[in-house]
Amino acid sequence: MRSRRGYSLLETLICVAIIAILMALQLPVLSRALRKAKEVAVKEGLHQMQIGAMADGGSSNTRPDRETCRAAYRQTYEESLVTELKYAVHDEAEFAAYWNTLIRPGAIEPLQYTGGGELIAQDGAGTVYYLKPLNLGDPPAETVVVGWEFISTDLSETTSGTLGTNVLYSDGRAVYIRYPGDFPMTSLVAELSHRFVQEY
Numbered sequence: 249m250r251s252r253r254g255y256s257l258l259e260t261l262i263c264v265a266i267i268a269i270l271m272a273l274q275l276p277v278l279s280r281a282l283r284k285a286k287e288v289a290v291k292e293g294l295h296q297m298q299i300g301a302m303a304d305g306g307s308s309n310t311r312p313d314r315e316t317c318r319a320a321y322r323q324t325y326e327e328s329l330v331t332e333l334k335y336a337v338h339d340e341a342e343f344a345a346y347w348n349t350l351i352r353p354g355a356i357e358p359l360q361y362t363g364g365g366e367l368i369a370q371d372g373a374g375t376v377y378y379l380k381p382l383n384l385g386d387p388p389a390e391t392v393v394v395g396w397e398f399i400s401t402d403l404s405e406t407t408s409g410t411l412g413t414n415v416l417y418s419d420g421r422a423v424y425i426r427y428p429g430d431f432p433m434t435s436l437v438a439e440l441s442h443r444f445v446q447e448y
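Each residue of the sequence shown is one higher than the one before, counting from 249 in the working numbering.
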């Protein structure tokens, strides 16, 4: 009786098929794990950005100009595109005024301030909002959004490629918010961010 060496073609194909099926079952798990790892990395990057800003301190009289705000709106930080706000913005309405006054391409009007140092910002309809400069060396009494991973209506303009991202607050928390959701994960912010990329 002759001993058999190796495997037949059929046995080899069956083994390859079993391995392929097992790998296919693991792909969604690996995809979720990679996405979660990226979320954690971005969250840590946002925390480091805030720690750096707090270490820099800065004077409460600092009035970030238009170019500083535009540069911070879509910046690269540790391989991620992030948005950092330079003035305290509480909601979508104030964000529209922030964007119209400071970020909007073509905005050249001189910036105006109140006697207390607040920026006088107007949305597209002319509604006025008073925005305080963000000074993380002396955080605001209320919790406000400080920054987030850049979002857009065109996912190719983001680093995450997902709808939703981590949002950093002035109290140090970084929270993942799905899109569409609470400010800043709104369609208005995504549309204006896309417009910013297209026009700059």
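Yeah, the Cβ is synthetic: ideal placement off N, Cα and C, and Gly gets one too.
The Cβ-Cβ distance between Trp396 and Thr407 does not fall below 8 angstroms.
Annotation for Val290: Ser328, Glu397 and Asn414 place their beta carbon closer than 6 angstroms to its own, counting only its chain and skipping 5 residues before and after. Taking Ile368 as the centre and dropping the five residues before and after it, the same chain places the C-beta of Gln360, Tyr361, Thr362, Val376 and Tyr378 closer than 7 angstroms to its C-beta, in chain order. Of the other Cβ atoms in all chains shown, fewer than 16 fall within 10 Å of the Cβ of Tyr255; this residue is therefore exposed. The beta carbon of Ser400 sits closer than 6 angstroms to the beta carbons of Thr406, Ala438, Ser441 and His442 from its chain, once the five residues preceding and following it are set aside; these are given in chain order. Residue state for Pro381 is assigned as strand, using DSSP reduced to three classes. Around the beta carbon of Cys317, a 10 Å sphere encloses 16 or more other beta carbons of the protein chains shown; the residue is thus reported as buried.
No residue range can be given for Leu359, since it is assigned to no alpha helix (DSSP H) and is classified by DSSP as neither H nor E. In the three-state DSSP reduction, Glu332 falls in the strand class (E or B). For Trp396, the pairing in a beta bridge is given by DSSP as Thr331 and Val415. Around the C-beta of Ala422, 16 or more other C-beta atoms lie within 10 Å, and the residue is accordingly described as buried.
In the three-state reduction of the DSSP assignment, Ala320 falls in the helix class.
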